[in-house]
Amino acid sequence: MRNIDVLLVNSLAPRQRIASDAALENGLAIIRTHLEERGFIVYVADEQRVSGPEKGVPRWYLKMLRLLSVLQLKAFGGGMKIVAYILLLLAWPLHALSLYYRRSYLEKLIENLAALVSAEHIPLVGIKVWNGEAYKWSVALARKIRAVNPEAVVIAGGPQVKVYGSEIFAQEAFDLAIMGPGEEILAVLLQKRKAVLDKESFLEVVRQEISSSLLIRTGHYSSENQYMPAVFTIPRYRPADMDDKILFHTLIDGVGCTWSKCSFCSHTRQNSCYIPRPVEQIKDEILAMSQQGIAFFRFSSSETPPEHGQAIAQMLLENNFDINYSMFVRAGKASTKTYNAYRLMLNSGLKAVFMGGETGHDAINAKVMNKGVSQQEIVETIECIRLAAAETGKTCRVGLAMIYPCPVLDGITLSEVFQENLRLVARTRPDTVIINPPGVFPGTVWFEQAEKLGFKFSEDFVARMMQYEYSMYKPVEFWSKIEFSLNGMDVRSLLQETGKLARAIEAMGIPIGISDEYLMMLEALGEKSAIGLLKFKHDSLLDVLSGSTGYIGQTVAKINDRSKELALANCNQLKIKE
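Each position in the sequence shown, counted from 1, maps to that position plus 9 in our numbering.
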């Protein structure tokens, strides 16, 4: 039996952060499929599962934490803030013990994976690196692997590399990093590793023949004008990949963004604007997913332009595919053409869209965000989608993302930005709003012009931010300190201001922080009311706060049944056509 050529690992955090953490892991599945088609032996370690946050914690302990979380939310909801804070403080040591259980479990996983690398003499290990605690876990795993098997080459990839670039090497844990798609470059790296005797020789070959930097840029992050592959690899999920997962698939509809100029956005690291994926390839992927029991899709690009969305919709309708999908959209001038595009998309299964609004203040959006859209355009785009939904008799959930607080201009106060934000929300009435505090990421205008915009941070700020974890079970006053400020407001003050806007929006009856894919899937389950979304927000928050997964597990079971039902109908439709 041949040894494993490459180990692929999805990084882990002790706590669930968002409800959709346990979606199908399409990235690692794509890499495995691509490499296996070229004769390599690949092992994927992905413990990010629906019930994953409960692993290592006694059941009775989870029940006790959930009861305390229920009491905390009741106290907050009833306006008994003092009681709520007392309960939070009482629960704090219990959460600390829960985290001890979880971290002990995650440390054991590190030991097991390192032992596997050593026993199998695995030459390459690829880690999909996320932020916060998951980043710290990835670093610990990389160091352990290199300690027990110094000849193993440990490669970082995933969201953390795309956002922070070469900063990923600050911890001196990784040998290489890939910024962009990993499947094609990993095949090349594996071939070159086989051709030399040791790791040092391999790294020298990489420096000479592939990249003079440890950070290898691929796809739309490269400078070689090869931004997209001629043919995308369609992943083959295995039963183990789908077990205890949410059956929705992240589908690459294109890469990049038509604007790609936002001052705060790390997508500006990409060297291409939006490039649509050929519709025929998207059709093949939807067919392949239907045959695997999957009919829920999230389009991956940072925006799907209406004209490309329309082309995809026409393909779906022509083939009688019955799927549900969500996507990111960009506001613009509404027109009959835009209206017709959304009408087709709604008829083809579009259930939710997510839009970056950032702020309702036009001057801030223009000069601070460089967003390229006005409040009126945001309003008109959402109205256009809703008019198309009314005409087709469909429902499309709308999520709006905002950044608050934010840098301001001379003559504009933060209070004015706050009021314009509320005005935008009142005019659009989105189904949910996600509010992000201001973030400063390397490679962005905000980072390069930080002092001019009012940001101040310490020299180790980037390294601290890469592993900073939000502690939802503790009051903001007790979160870890980090040297970062905006116009004199430290992190705690910034987060308190973010919470102020969140409470004002929630007072309108609009839930905060429901992701686009959950909007889409809840809509598919027939949950159409604002009250239903608020209940989902409340009950899923209980899961996150307590570290339990009972409610999410029940919801996912219903979602998965619906996904399989639609997928089977698509397969039957295909047989009829044949």
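Using N, Cα and C, we set each Cβ at its ideal position, and we do this for glycine too.
| Item | Value |
| --- | --- |
| Start and end residues, alpha helix (DSSP H) containing Thr-437 | 423-437 |
| Three-way DSSP call (helix, strand, coil) for Ile-131 in this model | coil |
| Backbone CA spacing between Glu-289 and Leu-359 [nearest angstrom] | 18 Å |
| Tyr-477 versus Lys-208: straight-line alpha-carbon distance, rounded | 32 Å |
| Beta-carbon contacts of Asp-525 that lie in its chain and below 6 Å, excluding the five residues immediately before and after | Ser-335, Ala-361, Phe-363, Gly-408 |
| Cutoff 6 Å; reference Gly-366; Cβ partners in own chain excluding five residues on either side | Ile-387, Leu-409, Met-411 |
| Ranges of the beta strand (DSSP E) found wholly within the region 248-306, counting only runs of at least 3 | 257-260 |
| Neighbourhood of Gln-384 by C-beta distance below 6 Å, restricted to the same chain and skipping five residues each side | Gly-369, Asp-371, Leu-433 |
| Close-in-space but distant-in-sequence residues of the same chain around Tyr-114 (CB under 7 Å, 5 per side omitted) | Lys-64, Gly-65 |
| Inter-residue Cα distance where the pair is Asp-250 and Ser-299 | 15 Å |
| Inter-residue Cα distance where the pair is Thr-441 and Glu-429 | 17 Å |
| Arg-47 (DSSP reduced to helix, strand or coil) | coil |
| Val-172 - containing alpha helix (DSSP H), residue span | 168-173 |
| Where Arg-226 sits in the DSSP three-state scheme | strand |
| DSSP state of Ile-540 mapped onto helix, strand, coil | helix |
| Collapsed DSSP secondary structure at Gly-366 in the structure displayed | strand |
| Separation of Ala-38 from Leu-108, as counted between CA atoms | 29 Å |
| Coarse secondary structure for Val-500, derived from DSSP in three states | helix |
| Local conformation of Met-411 per DSSP, three classes | strand |
| Proximity below 7 Å, CB of Leu-223 to CB of Met-188 | no |
| For Ala-22, the three-state DSSP class (helix, strand or coil) | coil |
| The region 371-381 in contact with the region 412-422 per 3-pair CB rule at 8 Å | yes |
| With 16 other Cβ atoms within 10 Å as the buried cut-off, status of Glu-192 | buried |
| Thr-227 and Ile-177 closer than 7 Å at C-beta | no |
| Identity of the residues DSSP links to Tyr-334 by a beta bridge | Phe-306, Leu-359 |
| First and last residue of the uninterrupted alpha helix (DSSP H) at Phe-456 | 454-457 |
| Close-in-space but distant-in-sequence residues of the same chain around Pro-159 (CB under 8 Å, 5 per side omitted) | Lys-208 |
| Classification of Gly-265 by the beta-carbon crowding that lies within 10 angstroms, buried from 16 upward | buried |
| Cβ shell of Asn-333 (< 6 Å), same chain only, five flanking positions each side left out | Phe-305, Gly-358, Lys-360, Met-529, Ala-533 |
| Terminal residues of the beta strand (DSSP E) in which Leu-441 lies | Note on identity: in this sequence residue 441 is Thr, with Leu being the wrong assignment. Per DSSP, Thr-441 belongs to the beta strand (DSSP E) from 441-445. |
| At least three beta-carbon pairs within less than 8 Å, the region 320-327 to the region 275-283 | no |
| Inter-stretch contact at 8 Å, needing at least 3 Cβ pairs: the region 138-152 / the region 12-32 | yes |
| 7 Å CB neighbourhood of Leu-495 in its chain, flanking five on each side removed | Pro-414, Pro-416, Pro-447, Gly-463, Phe-464, Leu-503 |
| Three-way DSSP call (helix, strand, coil) for Lys-546 in this model | helix |
| Spatial neighbours of Ala-297 in its chain, beta-carbon cut-off 7 Å, leaving aside the 5 residues before and after | Ile-243 |
| His-130 burial status per 10 Å Cβ neighbour count (16 or more: buried) | exposed |
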